[in-house]
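Protein chains in written order, with our numbering: chain A, 1 to 563; chain B, 1001 to 1563.
Glycine included, C-beta positions come from ideal geometry on N, C-alpha and C.
Owing to the predicted nature of the structure, the values given are computational and were not obtained by experimental measurement.
Just below is one structure, and these are the notes that go with it.
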């Protein structure tokens, strides 16, 4: 090969330098690598690699501001490459870690071969993930709020809802759904999202002709008696008052039980009709961390005070994926300030292991807690002092601005904040590719999958549950069929490129697989079997469009009726 | 319904006001609506609606700057709603125009029903589209550069190529492909894209460990003798010198003949191996405009001097989709300055039609032409004066800054440009959703679809062309099968979740449909027929893995051999 590569020296010069591999590019991972680079200094006696899916570090505390566009999309993130000039960056997913052979297996890039990196020391800094698995309808219909992509998706979705509501003249129900926004989870993250979302929709409202402030609903669901369980009661109550004053509806002692495409289903069975459901809970361990077989407690990797995993010398863990004990005997909370200190300590201890030296024990007690309420208000507890309202907000901005890595970005954020004081909020909707392909959907009884007269845009396969097919003729509604697991519906309007000849309504909690018309078209063209199957089905259903009483259909195997 | 809607007044008060509907949110459409709003004034005697897919107006001349991130992603666009407070905005695709019944049919929104708007006057301002249809491999593998989504996609792709090349230690060929960037088309758009792309990759190079400047290749293909055919020869030659000095390879009198996933195939058969091929040509009429049955010339709607379509009173056309004659007897070129003047004139003439008044005729002669070469250089011809280098660049920036709608945005762009002088280029890669689903791919003879030993990530169906299946055992390569149209390959590694047991190489120009493993998995789980078909196929191929000489397979119908 004509080019230099990272190991060229080792190939020529013999034994390679020890390598530290950091997995994850959040606060824990990036600050570990930053501290390692500092310790590396002129000695240059080890090398550092960092694996992260994205090429940027997200400044998590400011993520909710992306919703309102207060600060620019790219100001809330820093390119990792710039922060870590001496670290080799791998922009891949981690597929596996071979603890025996001390190798990390990465997902394939442009060519479909896996990529392996050997390590001498491994720092697990993978954080946690929002995991909706096992929650009815949430994987299909709830929006998570964890990374920059989530924040942009939510912003775009909210802008689309406002735009569609503004031109929806005929369907009052749809209009209400579009103007209702539900956030589940009253911790820091949920409260900040609800506050920013509420500020945003109310600030841009005057730009939408025909929308009125009374039509907007922002609802925050929380399962406990008060929000912000991490904070003192007085501050939480302050936050509740502020949110309510701004128009957020608080639903306390209320659990989100399920979701559909048009509703948040609450614990008691009540449904809030909405097209926007954000859930900031629950968070789960990173799936890779779970598979490693390391000692775990409450979903976090147990480390000793030096941040090394007991029984696995050379394997370290920091940040939200690590269970690290603080001096007061409590596990460190999953906050940026703890992750940063853990990163610095793990770097020191790794250097001590490599060079010989004294390892240190984690002794950070935490500085305090802060949560933004948007619109120049916040709550904070710092060194035991409680602040709320504008002073807390000012402190919040100042602390985070100083914590941001790099003067360039600080400058940009400071300018953006200043401009925000004088300019109206930005409304640009940034869509980048991404059509909805094959997907799963969940429906609750009473909900319509589609309505007679609508355009046929998707085809459905019932995975579980039951629907009834209802035809309306001369103002009379007749149930013409019931369909269950393994049966298809919606193919007729697709095959014949026409409108739906009947409505389909869910009668028992329903999970379907749905396929858009275009993808079905491509598959049907090239898969003669598939095409034939549907032609036969359509022919059968055409021959038997006569009304079928629900009594007849309900009992035996359902008859196929085209819609 | 409890809410007000745009037609509430009319329903109550009787006859509705005349409505002007503008289709398209580029320079022509937005400036038509701006001028209409101004004319509307206090009389408020008509209403305005605008239909556009996106909620923002793209300031097209600055789009190439998104590649390098010189100005923020959202600074190059303005929310249409803010620009046009008195216009009703519909964020949909236009599906059809019923010229008889004077209605526009829009694509469905959240519910699958079409949305119709009646009009009294219709302004067609749909611009043109980049159309790769009929060009071998371009629809599958070339990147267009027309809208903000294209610019972001290109930026993200380029950043990914650099990142992957930086860690590619083993495969010199892949590394070269990743570091070669090809732009086809030497008009304003292609030249600006090549210049910005070249500036960007060279500016960020120092941040990539292990990449050297000599490895970077940016190639500009142009079919004629010199680039920028719209400009005087001396300026075009100046531009060529500047580009070459900065490291852009110019390939003049060179046509792009075809594209594959790894190469730009040139007219003479030469292939430039690359993973990045941008094509700014050819542009075609908007498909809707083509279908309307209006008088057309060279893909543009023919209007009279007043911008009305002959024989269709109340139907007007402006901008790139309109063929408007200038006073010198030439059709107006497709530039922003012409579209803006056409928008103003069409608004005047529509108001004159509605209120009674004298219509005017298009009499704008053009001010001049400018093209940026990036990095503080440009070429310009203004009022007959030719400028190049820094003065042209300064003029370019000043003129466009003043043309941008809204002071807030001007301020933001001016600040971004100022910061750009002192801060290093931004490297953030903004990915928003979008996994690659069912897709088509094109291959040329000699190219590999996949290699033995790679991970099985996709399944392929041959639409046309031919491949050979090659197995390597003990350093011996044997062709074990040839496959043709209608045959599948790649299923074995997918079904058995293992690595490819053979390589597949294209022997005759090949078009395939490819399906990712995950989608195939979901379909196979729920479509027993499909699953069974592949299980049978796999079983047959397993039973017959014995070598098949290419002579035997080449003649008769190809035998299925699993890979």
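Closer than 8 Å to the CB of residue 510(A) there is not a single CB belonging to chain B.
Your pair residue 93(A) and residue 107(A) checks out as a contact, with CB atoms roughly 4 Å apart and the cut at 8 Å. Between the beta-carbon of residue 1022(B) and that of residue 1125(B) there is about 6 Å, and that keeps the pair under the 8 Å contact cut. By the Cβ criterion, the region 1171-1188 of chain B is not in contact with the region 1296-1312 of chain B, since fewer than three pairs of Cβ atoms, one from each stretch, lie closer than 8 Å. With fewer than 16 other beta carbons inside 10 angstroms of its own, residue 402(A) counts as exposed. Secondary-structure assignment with DSSP links residue 1371(B) through a beta bridge to 1379(B). The beta carbon of residue 133(A) sits closer than 7 Å to those of 139, all from its chain and outside the five residues before and after it, given in chain order. For residue 1460(B), DSSP records a beta bridge to 1489(B), 1514(B). Checking the DSSP bridge columns, you'll see residue 442(A) partnered with 511(A). Identification of residues in the region 103-119 of chain A having a C-beta nearer than 7 Å to some C-beta of chain B yields 108, 109, 110, 111, 112, 113, 114, given in sequence order.
The beta carbon of residue 406(A) is closer than 8 Å to those of 78, 82, 83 in its chain, skipping five residues each way along the sequence. DSSP places residue 55(A) in no alpha helix (DSSP H); its state is neither H nor E. Taking 3 residues as the shortest admissible run, the region 165-195 of chain A contains the following complete beta strand (DSSP E) segments, listed from N- to C-terminal end: 180-184. The secondary-structure analysis by DSSP pairs residue 1316(B) across a beta bridge with 1123(B), 1308(B). If you ignore the 5 residues before and after residue 1071(B), its C-beta comes within less than 6 Å of the C-beta of 1065, 1413, 1416, all in its own chain and listed in chain order.
At least one beta carbon of chain A lies nearer than 8 Å to the beta carbon of residue 1530(B). Within chain A, the residues placing a beta-carbon under 7 Å from that of residue 1275(B) are 110, ordered along the chain. With respect to the 8 Å criterion, residue 1185(B) and residue 1259(B) are not classified as neighbours on the basis of their beta carbons. Sequence-ordered contacts of the region 1444-1465 of chain B with chain A read 1450, 1451, 1453, 1454, 1455, 1456, 1457, 1458, 1461, 1463 [C-beta pairs closer than 9 Å].
At a Cβ-Cβ threshold of 8 Å, residue 1458(B) and residue 1513(B) do not count as neighbours. Residue 1105(B) carries a strand assignment under DSSP once its states are collapsed to helix, strand and coil.
The beta-carbon distance between residue 1318(B) and residue 1123(B), rounded to whole angstroms, is 6 Å. This is short enough to meet the 8 Å contact definition.
According to the DSSP secondary-structure assignment, residue 97(A) is paired through a beta bridge with 104(A).
Segment contact: the region 243-262 of chain A against the region 384-392 of chain A, fewer than three CB-CB distances shorter than 8 Å; contact not assigned. 1448(B) is the residue among 1448(B), 1455(B), 1470(B), 1483(B) whose C-alpha sits nearest the C-alpha of residue 1263(B). Take residue 538(A), set aside five residues on each side of it, and the residues of its chain with a beta-carbon closer than 7 Å to its own are 491, 492, 495, 562, in chain order.
For the pair residue 1484(B) and residue 121(A), the Cα-to-Cα distance works out to about 50 Å.
Where residue 1289(B) is concerned, the enclosing alpha helix (DSSP H) starts and stops at 1287-1291. The contact set of residue 1469(B) on chain A, defined by CB atoms closer than 7 Å, is empty, because the minimum CB distance reaches about 17 Å. Judged by beta-carbon spacing, residue 1466(B) lies beyond the 8 Å limit of residue 1504(B), meaning their Cβ atoms are not closer than that value. Following the DSSP letters along the chain, one finds residue 1265(B) inside the beta strand (DSSP E) bounded by residues 1263-1266. By the beta-carbon neighbour count (other beta carbons within 10 angstroms, threshold 16), residue 1207(B) is buried.
Note that the C-beta distance between residue 249(A) and residue 278(A) is not below 8 Å. Interface annotation for the region 1086-1105 of chain B against chain A: 1086, 1087, 1088, 1089, 1090, 1091, 1092, criterion Cβ-Cβ distance under 9 Å. Here residue 357(A) is exposed. Its C-beta has fewer than 16 other C-beta atoms within 10 Å. When DSSP states are grouped into helix, strand and coil, residue 1501(B) belongs to the coil group.
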